[in-house]
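Undergrad: Handing you a structure now.
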Amino acid sequence: MVYSNDKIIVHKKDSLQYIEFSNLKKYHSMLTHCFTTRLGGVSTGECASLNLSFNRNDLKENVLANYHIIAEAIGVDFDKMVLSNQVHDNKIWYVEEADAGKGLTRESNITGYDGLTTNIPGIPLVTFYADCVPVIILDPVKKAVTSVHSGWKSTLLNISLEALKVMKGRYNSDMKELQVAVGPSICKNCFEVGEEVYGMFIDAHPWCDGYIDRKNGRYYIDLQGIISQELTDAGVDPSNILVSGVCTKCNNDMFFSYRGDKTKTGSLAAIVMLK
Ligand SMILES: [Zn+2]
Numbered sequence: 001m002v003y004s005n006d007k008i009i010v011h012k013k014d015s016l017q018y019i020e021f022s023n024l025k026k027y028h029s030m031l032t033h034c035f036t037t038r039l040g041g042v043s044t045g046e047c048a049s050l051n052l053s054f055n056r057n058d059l060k061e062n063v064l065a066n067y068h069i070i071a072e073a074i075g076v077d078f079d080k081m082v083l084s085n086q087v088h089d090n091k092i093w094y095v096e097e098a099d100a101g102k103g104l105t106r107e108s109n110i111t112g113y114d115g116l117t118t119n120i121p122g123i124p125l126v127t128f129y130a131d132c133v134p135v136i137i138l139d140p141v142k143k144a145v146t147s148v149h150s151g152w153k154s155t156l157l158n159i160s161l162e163a164l165k166v167m168k169g170r171y172n173s174d175m176k177e178l179q180v181a182v183g184p185s186i187c188k189n190c191f192e193v194g195e196e197v198y199g200m201f202i203d204a205h206p207w208c209d210g211y212i213d214r215k216n217g218r219y220y221i222d223l224q225g226i227i228s229q230e231l232t233d234a235g236v237d238p239s240n241i242l243v244s245g246v247c248t249k250c251n252n253d254m255f256f257s258y259r260g261d262k263t264k265t266g267s268l269a270a271i272v273m274l275k
């Protein structure tokens, strides 16, 4: 279980719990956001209880009920939520008015995108996690927001840098103005990999050895640290990058964790909406 601190605010409403990030919370007049926990929904079994993915071992009616619960709690419009359909790649979809409801209330053509971005108010963007790293980037000056799902494969493919490119190209964002939250995800101690994955990281990011420990022929990778360093190197002010330091597997009572639940698990979500 994690509790509110200077980085995260844990909100509790009856059995529901969800998180906000303190640096994004400062911009609450322009952004509604949350990162969900597994607590406070109606799903049962391995998806107990706030599973937000239709691709898990869960009933559609339960997932829909969970969406109503979280939408009402944070004050976003259920009908307008736009869901990603992630494939561990690095592509980012620009969400426009016509996308409202895709993946939730109607069919979606947004498949194969691990990130969503918009500068249109009133459309909640929903991306999914269960150990992978949520990266939320707000430009409070140009009023635009991007969420990306950075699992280890997407981290190798530099999805956070792709997000910066989108922010720069589409909204003319100044890197120094961006506020970033790196949310709950698997920690270095829990993200154990073998030689092959280690080699892929060193090939992709020769500088990242400092974020990897080795013990007894196994490797332990700090994804939150690598992403934060990559963003800093690309010009984001490190004092504007909030690294939550929260591990989904260490806190498996509070979060769905692919490794902690031995792959039988539900899905957390990051939800962001410009006002
Ligand atoms: Zn951990």
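Heads up, the sequence shown is in the UniProt record's numbering, so the first residue is 1 and it goes up one at a time.
Where a beta carbon is used, it is the ideal one built from N, C-alpha and C, also for glycine.
Predicted model, so just to flag it, every value in this text is computed and none were measured.
Does DSSP put glutamate 107 in a helix, a strand or coil?
TA: Within the sequence shown, the letter at position 107 stands for residue 107. Three-state result, glutamate 107: coil.
Undergrad: Is it true that the CB of arginine 218 sits closer than 8 Å to the CB of glutamate 177?
TA: Translated into positions along the sequence shown, residue 177 becomes position 177. Translated into positions along the sequence shown, residue 218 becomes position 218. No, these two residues do not count as a Cβ contact at 8 Å.
Undergrad: Closer than 7 Å to a non-hydrogen atom of ligand 1 - does that hold for the CB of cysteine 132?
TA: Residue 132 sits at position 132 when you count from the first residue of the sequence shown. No, the beta carbon of cysteine 132 sits no closer than 7 Å to any heavy atom of ligand 1.
Undergrad: When the Cα atoms are used, what is the spatial distance from residue 276 to aspartate 14?
TA: Beyond the ends of the chain as shown, which are 1 and 275, falls residue 276; an answer cannot be given.
Undergrad: DSSP state of isoleucine 8, grouped into three classes?
TA: Numbered from its first residue, the sequence shown carries residue 8 at position 8. If DSSP states are grouped into helix, strand and coil, isoleucine 8 belongs with the strands.
Undergrad: Are the segment 189–203 and the segment 162–175 touching by the rule of at least three beta carbon pairs closer than 8 Å?
TA: The answer is no - the segment 162–175 does not touch the segment 189–203, with fewer than three Cβ pairs under 8 Å.
Undergrad: Suppose you measure from the CA of glycine 75 to the CA of isoleucine 120; what does that come to, to the nearest Å?
TA: Here the question's residue 75 lines up with position 75 in the sequence shown. Here the question's residue 120 lines up with position 120 in the sequence shown. Those two C-alpha atoms are separated by around 17 Å.
Undergrad: Just tell me which of Met254, Asp261, Leu52, Asn57 has its CA closest to the CA of alanine 65.
TA: As a position in the sequence shown, residue 65 is number 65, starting the count at 1. Here the closest residue by C-alpha is Leu52.
Undergrad: Counting along the chain, where does the alpha helix (DSSP H) carrying phenylalanine 201 start and finish?
TA: Along the sequence shown, one-based indexing puts residue 201 at 201. Residues 195–204.
Undergrad: Report whether the distance from the Cβ of isoleucine 186 to the nearest heavy atom of ligand 1 is below 7 Å.
TA: Mapped onto the sequence shown, residue 186 falls at position 186. The answer is yes for isoleucine 186.
Undergrad: Kindly list the residues whose CB is nearer than 6 Å to the CB of glycine 235, restricted to its own chain and excluding five residues on each side of it in sequence; keep chain order.
TA: Within the sequence shown, residue 235 is the residue found at index 235, counting from 1. Within the same chain, glycine 235 has close Cβ partners Met175.
Undergrad: Decide yes or no for the touch test of the segment 241–250 against the segment 125–140: beta carbon pairs closer than 8 Å, at least 3 of them.
TA: Yes, the segment 241–250 touches the segment 125–140.
Undergrad: Taking its Cβ as the centre, do 16 or more other Cβ atoms sit within 10 Å of aspartate 233, making it buried, or is it exposed?
TA: Translated into positions along the sequence shown, residue 233 becomes position 233. Exposed.
Undergrad: Under a three-way DSSP split, which group does arginine 56 fall into?
TA: Your numbering for residue 56 matches position 56 in the sequence shown. Coil, per DSSP.
Undergrad: Ligand 1 and lysine 249: does the residue's C-beta get closer than 7 Å to at least one heavy atom of that ligand?
TA: Counting from one through the sequence shown, the residue named residue 249 turns up at place 249. Within the cutoff, so yes.
Undergrad: At 4 residues or longer, and completely inside the segment 66–94: list those alpha helix (DSSP H) runs for me, N to C.
TA: Qualifying alpha helix (DSSP H) stretches: none in this window.
Undergrad: Can you give the Cα-Cα distance for asparagine 189 and tyrosine 211, rounded to whole angstroms?
TA: The sequence position of residue 189 within the sequence shown is 189, counting from 1. The sequence position of residue 211 within the sequence shown is 211, counting from 1. For asparagine 189 and tyrosine 211, the distance between alpha carbons rounds to 11 Å.
Undergrad: Using the beta-carbon count (16 or more within 10 Å), is aspartate 261 buried or exposed?
TA: Mapped onto the sequence shown, residue 261 falls at position 261. By the neighbour-count rule (16 or more Cβ atoms within 10 Å), aspartate 261 is buried.
Undergrad: Can asparagine 189 be considered in contact with ligand 1, in the sense that its beta carbon sits closer than 7 Å to one or more heavy atoms?
TA: By one-based count along the sequence shown, residue 189 stands at place 189. Yes, the Cβ of asparagine 189 comes within 7 Å of a heavy atom of ligand 1.
Undergrad: If we count the other Cβ atoms within 10 Å of its Cβ and call it buried at 16 or more, is tyrosine 3 buried or exposed?
TA: Taking the sequence shown and counting its residues from 1, the one referred to as residue 3 is at position 3. Exposed, because fewer than 16 other Cβ atoms sit within 10 Å of the Cβ of tyrosine 3.
Undergrad: So, is methionine 1 buried or exposed, given that buried needs 16 or more other C-beta atoms within 10 angstroms?
TA: Here the question's residue 1 lines up with position 1 in the sequence shown. Label assigned to methionine 1: exposed.
Undergrad: Ordered along the chain, which non-local residues of its own chain (more than five positions away) have a Cβ less than 6 Å from that of aspartate 213?
TA: Sequence index remark: in the sequence shown, residue 213 carries index 213 (1-based). So the qualifying residues of the chain are Tyr220.
Undergrad: Since methionine 30 and lysine 275 should fall inside the 8 Å C-beta cutoff, what is the C-beta to C-beta distance between them, to a whole number of angstroms?
TA: Counting from 1 along the sequence shown, the entry for residue 30 is found at position 30. Counting from 1 along the sequence shown, the entry for residue 275 is found at position 275. About 5 Å; that satisfies the 8 Å criterion.
Undergrad: Looking at tyrosine 27 and leucine 138, is the spacing between their C-beta atoms short of 8 Å?
TA: As a working note, residue 138 is residue 138 in the sequence shown. As a working note, residue 27 is residue 27 in the sequence shown. Yes, the pair counts as a contact, with Cβ atoms nearer than the cut-off.
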